[in-house]
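Engineer: In the UniProt record's numbering, the protein residues as written are 1 to 153. Before I ask anything, let me first share the structure, which is written out below as structure tokens.
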């Protein structure tokens, strides 16, 4: 039996009534069997996409929502997934990710189109057995008129 294959209307633990009859003496015995199907963590979490991309304005304020990544796990017990930014990018400190996969601007650094027109980093998702998957996120930084004009000599 597989816990993930159980119909939604089947309770776990479940009850089965067992009847045995003796055709010779016409006697019937009845017993109730209580059983529970334990879920085994057999599936890894998976991102819905391997690559996410969004355009964001430079100099956006701290806490600005930037993008949401989404992962799923087919295991019954692994409904609580954890997301994290892999610290392999020079930009990874500039964002935060919450428990729902929502990415926000952190309080470290600023997105500056003149310094970097785009940024790319990796997000990892963990299940309760520390099985993982990763995806790549790319932000294209949109220019905001934040520099004063200069006269050339």
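All residues carry an ideal CB built from backbone N, CA and C; glycine is no exception.
Measuring straight from C-alpha to C-alpha, what distance separates residue 126 and residue 132?
Structural biologist: 5 Å
Engineer: What's the call for residue 19, buried or exposed, on a 16-neighbour Cβ count within 10 Å?
Structural biologist: exposed
Engineer: What separation, rounded to the nearest whole angstrom, lies between the Cα atoms of residue 60 and residue 80?
Structural biologist: 30 Å
Engineer: Considering only residues of the same chain and omitting the five flanking positions on each side of residue 154, which have a CB-CB separation below 6 Å?
Structural biologist: Because the chain here runs from 1 to 153, residue 154 falls outside it and cannot be looked at.
Engineer: Could you name the residues of the same chain whose beta carbon sits closer than 6 Å to that of residue 94, not counting the 5 residues immediately before and after it, in chain order?
Structural biologist: 106, 108 and 109
Engineer: Can you grab the Cα-Cα spacing for the pair residue 40 / residue 67, in whole Å?
Structural biologist: Distance from the CA atom of residue 40 to the CA atom of residue 67, rounded to whole angstroms, is 32 Å.
Engineer: Would you mind giving the Cβ-Cβ distance between residue 56 and residue 116, rounded to the nearest angstrom? I have them listed as a contact below 8 Å.
Structural biologist: With a Cβ gap of about 12 Å, residue 56 and residue 116 do not count as contacting.
Engineer: Taking residue 134 as part of the beta strand (DSSP E), name the residues at either end of that continuous run.
Structural biologist: 132-142
Engineer: Can you tell me whether residue 93 is helix, strand or coil according to DSSP?
Structural biologist: helix
Engineer: Using 10 angstroms around the beta-carbon of residue 151, count the other beta-carbons present and answer buried if the total reaches 16, otherwise exposed.
Structural biologist: exposed
Engineer: Three-state secondary structure (DSSP) at residue 22?
Structural biologist: strand
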